[in-house]
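Novice:
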Amino acid sequence: MYRFASIVLAAGKSTRMKSPRSKLLYEVGGIPIVARVARVLRELEIEANMFVVSYQKDEIIEAARSVLPLAEAVDQGEPLGTGHAVQCALPGLPDWVTDVVVLAGDVPLLRADSLRRLMDMHTRAGALASFLTFVAADPHGYGRVLRDGAGEVEYIMEQTECTPDQMKVAECNSGIYVFCRKWLNEAIPLLRSDNKKGEFFLTDLIMLAVDKVRVPTITVPESEVMGVNTQMDLARAKHLAQKARVRRFMEEGVCFVQPDTVELHDDVEIAGGAVIEGQVSLRGATVIESCAVIGHGSVLENARIGEKARILPYTVIEDSVVRSAARVGPYSHLRPGSDVGENAHVGNFVELKKATLAAGVKANHLSYLGDVTIGEGSNIGAGTITCNYDGKNKFHTTLGAGVFVGSDSQLIAPVTVGDGAYVGTGTTVLGDVPAGALVINPKTQELRENWTPPYNRERKPD
Ligand code: UD1
Ligand code: MG
Numbered sequence: 304m305y306r307f308a309s310i311v312l313a314a315g316k317s318t319r320m321k322s323p324r325s326k327l328l329y330e331v332g333g334i335p336i337v338a339r340v341a342r343v344l345r346e347l348e349i350e351a352n353m354f355v356v357s358y359q360k361d362e363i364i365e366a367a368r369s370v371l372p373l374a375e376a377v378d379q380g381e382p383l384g385t386g387h388a389v390q391c392a393l394p395g396l397p398d399w400v401t402d403v404v405v406l407a408g409d410v411p412l413l414r415a416d417s418l419r420r421l422m423d424m425h426t427r428a429g430a431l432a433s434f435l436t437f438v439a440a441d442p443h444g445y446g447r448v449l450r451d452g453a454g455e456v457e458y459i460m461e462q463t464e465c466t467p468d469q470m471k472v473a474e475c476n477s478g479i480y481v482f483c484r485k486w487l488n489e490a491i492p493l494l495r496s497d498n499k500k501g502e503f504f505l506t507d508l509i510m511l512a513v514d515k516v517r518v519p520t521i522t523v524p525e526s527e528v529m530g531v532n533t534q535m536d537l538a539r540a541k542h543l544a545q546k547a548r549v550r551r552f553m554e555e556g557v558c559f560v561q562p563d564t565v566e567l568h569d570d571v572e573i574a575g576g577a578v579i580e581g582q583v584s585l586r587g588a589t590v591i592e593s594c595a596v597i598g599h600g601s602v603l604e605n606a607r608i609g610e611k612a613r614i615l616p617y618t619v620i621e622d623s624v625v626r627s628a629a630r631v632g633p634y635s636h637l638r639p640g641s642d643v644g645e646n647a648h649v650g651n652f653v654e655l656k657k658a659t660l661a662a663g664v665k666a667n668h669l670s671y672l673g674d675v676t677i678g679e680g681s682n683i684g685a686g687t688i689t690c691n692y693d694g695k696n697k698f699h700t701t702l703g704a705g706v707f708v709g710s711d712s713q714l715i716a717p718v719t720v721g722d723g724a725y726v727g728t729g730t731t732v733l734g735d736v737p738a739g740a741l742v743i744n745p746k747t748q749e750l751r752e753n754w755t756p757p758y759n760r761e762r763k764p765d
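Letter by letter, the sequence shown follows residues 304 to 765 of our numbering.
1) Counting pairs of beta carbons, one from the region 460-475 and one from the region 426-439, are three or more of them closer than 8 Å?
2) Exposed or buried, which one is residue 740 when buried takes at least 16 other CB atoms within 10 Å?
3) Is residue 633 near residue 650, with beta carbons less than 9 Å apart?
4) Can you tell me whether residue 414 is helix, strand or coil according to DSSP?
5) In the DSSP assignment, what residue or residues form a beta bridge with residue 654?
6) Assess contact between the region 498-515 and the region 418-427, defined as three or more Cβ pairs (one per stretch) separated by less than 8 Å. Is contact present?
7) Span of the alpha helix (DSSP H) holding residue 489?
8) On the three-state DSSP scale, how would you describe residue 759?
9) Is the beta carbon of residue 478 within less than 8 Å of some heavy atom of ligand 2?
10) Can you pull every residue whose C-beta falls closer than 6 Å to some heavy atom of ligand 2, listed in chain order?
11) Identify, in the order they occur along the chain, each residue of the same chain with its Cβ nearer than 6 Å to the Cβ of residue 523, setting aside the five sequence neighbours on each side.
12) Going by C-alpha to C-alpha distance, which of 450, 732, 676 sits closest to residue 705?
13) What three-state label does DSSP hand residue 402 in the structure shown?
14) Report the residue ranges of all alpha helix (DSSP H) runs contained in full by the region 509-556; include only those spanning at least 4 residues, in chain order.
15) In this structure, does DSSP put residue 713 in helix, strand or coil?
16) For ligand 1, is there a heavy atom less than 8 Å away from the beta-carbon of residue 382?
17) Residue 461: buried (16+ other C-beta within 10 angstroms of its C-beta) or exposed?
18) Between which two residues does the beta strand (DSSP E) holding residue 310 run?
19) Counting Cβ pairs, one atom from each stretch, are 3 or more of them under 8 Å apart for the region 363-380 and the region 397-404?
20) Taking 9 Å as the cut-off, decide whether the C-beta atoms of residue 684 and residue 664 are in contact.
21) Tell whether a beta-carbon distance below 9 Å holds between residue 310 and residue 326.
22) Could you please give the first and the last residue of the uninterrupted alpha helix (DSSP H) stretch that includes residue 752?
23) May I ask whether a heavy atom of ligand 1 can be found less than 8 Å away from the beta carbon of residue 334?
24) With a threshold of 16 other CB atoms inside 10 Å of the CB of residue 318, please say whether the residue is buried or exposed.
25) Please give the ranges of any alpha helix (DSSP H) in the region 324-357, keeping only runs that are unbroken, at least 4 residues long and fully inside the region.
26) Say yes only if the C-beta of residue 445 is nearer than 8 Å to one or more non-hydrogen atoms of ligand 1, and no if none qualify.
27) Would you identify the three-state DSSP class for residue 660, choosing helix, strand or coil?
28) When you compare the CB positions of residue 553 and residue 539, do they come within less than 9 Å of one another, or not?
29) Less than 9 Å between CB atoms is the rule here; does residue 473 satisfy it with respect to chain C?
30) Can you name the residues that DSSP bridges to residue 666?
31) Do you know offhand how far residue 710's Cα is from residue 667's?
32) Along the alpha helix (DSSP H) that carries residue 367, what are the first and last residues, could you check?
33) CA-CA distance, residue 508 and residue 492?
34) Using the C-alpha atoms, what's the distance from residue 583 back to residue 647?
35) Let me know the secondary structure DSSP gives residue 771 once reduced to three states.
36) Could you give the residue range of the beta strand (DSSP E) that holds residue 460?
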């Protein structure tokens, strides 16, 4: 019986990224590259997973464990090449493991289905080693797959070791392999580092396996197994992930006004009938329900937008809910913990934070509404501010249903305004207001008719 473990190579320095951050922590579709690889292993239900780490190991193992809580970390110390990385992991494999999936951590677009096919083929063939290949549009940087006259794999030649003729070979090694564990134990100590890079190349195992038995391969599209080595590769991987997501949603009836300009994270869900305008970013676990419209330039993170709701251009929404047929924006900012009720309106330059607006509430212009509950149908005038912070603590404001708040008013929390109460324009509400009451701060108006400003007054002659 075959039982698999995985070894993920995640210790490299990412030199070609020219950034202090490991490439495996950069995100594709909102998920760190190493966590995407972990998701594939989770989907395949591989029981034991070892991540070989060194450079930025804490962050990398944390990202891996966010998907596979039991993932094991193996510290490679000074990374001496992909062969050395596997060598470090082998002693820690559980006894029951018969075969090992080895994969580079820098393949963000790998699909579980392709790896499953490789594992099936490997077991069917009783192979010592097998791997995925692809035909690269530009093979530069990849190991080339060299075959004999009969088309059988002979060895993998790294870019740095290739002759000019070998460089022309377009079939490349994906860095995704399955090995028989027993044979791997025997072969790994045979690797040598007498190449131009002075590294132990995992790829040299292939020629050792070929000495014993044929090495079967499966060729998959480049778009699934491209490796991320440079910032250009990263941008390409993001673009490819994006295109696939947009396409899937289009097939399900989502309208994209400028499909090439949107950013969609992997965990986003959009129902058919929704319209996504240009330059929109949908991040985290955002859900867009049927027939909602997301206006140009809006950025939504972990937002839930109800049916037929309209988010007008340049709106930012974080960790909040907008219920059906509500209208938000343009230029609104919903900060975490906000909930905009059915048919409610939130307009230009209105900021909400932990604000619950019941159905039909209107706050159309220039307001800050933080730590507040507002009852059904209330109207919040332009320039209303909930003064929720005394410099140390935050306090809550509660407005009942049908409250009318006049423009340019301040509500000094904690404060409660009862159902149907009126707050006069320009009022600073300092204490609770009972239902049905009017609260105003008396002010007087002085009127001077035919008034001349001092600078226009005639000076008396001396
Ligand atoms: C590797 C393959 C190449 C293949 C390509 C596919 C080797 C020698 N070459 O090249 O044939 O075409 O992947 O994308 O394997 N790593 C470690 N420890 C190390 C070195 C690397 O854990 O000592 C990790 C890296 O973090 C990375 C992975 O191994 O996730 C692959 O290393 P990378 O430097 O990207 O190898 P490539 O040059 O892309
Ligand atoms: Mg690579």
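Glycine included, every Cβ here is placed at the ideal spot set by N, Cα and C.
Specialist: Considering the structure as presented:
1) Judged by Cβ distances under 8 Å, the region 460-475 makes contact with the region 426-439, as three or more pairs qualify.
2) So residue 740 counts as exposed.
3) Yes, they are a contact pair.
4) The three-state secondary structure of residue 414, taken from DSSP, is coil.
5) BP columns for residue 654 point to 636, 671.
6) No, because fewer than three Cβ pairs between the region 498-515 and the region 418-427 fall closer than 8 Å, the two stretches do not touch.
7) Segment 484-490, the alpha helix (DSSP H) holding residue 489.
8) Note: residue 759 maps to helix in three-state DSSP.
9) Annotation for residue 478 indicates a beta carbon within 8 Å of some heavy atom of ligand 2.
10) Residues whose Cβ lies closer than 6 Å to any heavy atom of ligand 2, listed in chain order: 407, 409, 530, 532.
11) Excluding residues up to 5 positions away in sequence, 417, 435, 437 lie with their Cβ nearer than 6 Å to the Cβ of residue 523 in the same chain.
12) Of 450, 732, 676, the residue nearest in Cα terms is 676.
13) Assignment of residue 402 by DSSP, reduced to helix, strand and coil, places it in the strand class.
14) Counting whole runs of 4 or more residues, the region 509-556 contains the alpha helix (DSSP H) stretches 525-528, 534-554.
15) In this structure, residue 713 counts as strand in the three-state DSSP scheme.
16) Yes; taking the cut-off as 8 Å, the Cβ of residue 382 has a heavy atom of ligand 1 nearer than that.
17) The residue is buried, with at least 16 neighbouring Cβ atoms inside 10 Å.
18) Segment 307-313, the beta strand (DSSP E) holding residue 310.
19) Counting Cβ pairs under 8 Å, fewer than three are found: no touch.
20) Contact: no.
21) Contact flag unset, no.
22) Counting along the chain, no alpha helix (DSSP H) covers residue 752, and no H or E run does either.
23) No, Cβ of residue 334 sits at least 8 Å from all heavy atoms of ligand 1.
24) Classification for residue 318: exposed.
25) List check, alpha helix (DSSP H) in window: 336-346.
26) Inclusion of residue 445 in the 8 Å shell around ligand 1 follows from its C-beta lying nearer than that to a non-hydrogen atom of the ligand.
27) In the three-state reduction of the DSSP assignment, residue 660 falls in the strand class.
28) For residue 553 and residue 539, no; Cβs fall outside 9 Å.
29) The chain labelled as chain C is not found in the depicted structure, where only one protein chain is given.
30) Per DSSP, 649, 683.
31) Spanning the two alpha carbons is a distance of roughly 11 Å.
32) Its alpha helix (DSSP H) spans residues 360-368.
33) Take the alpha-carbon of residue 508 and the one of residue 492: they are about 10 Å apart.
34) Roughly 22 Å separates the two Cα atoms.
35) Outside the modelled stretch of the chain, which goes from 304 to 765, sits residue 771, for which no answer is possible.
36) Note, residue 460: beta strand (DSSP E), 456-460.
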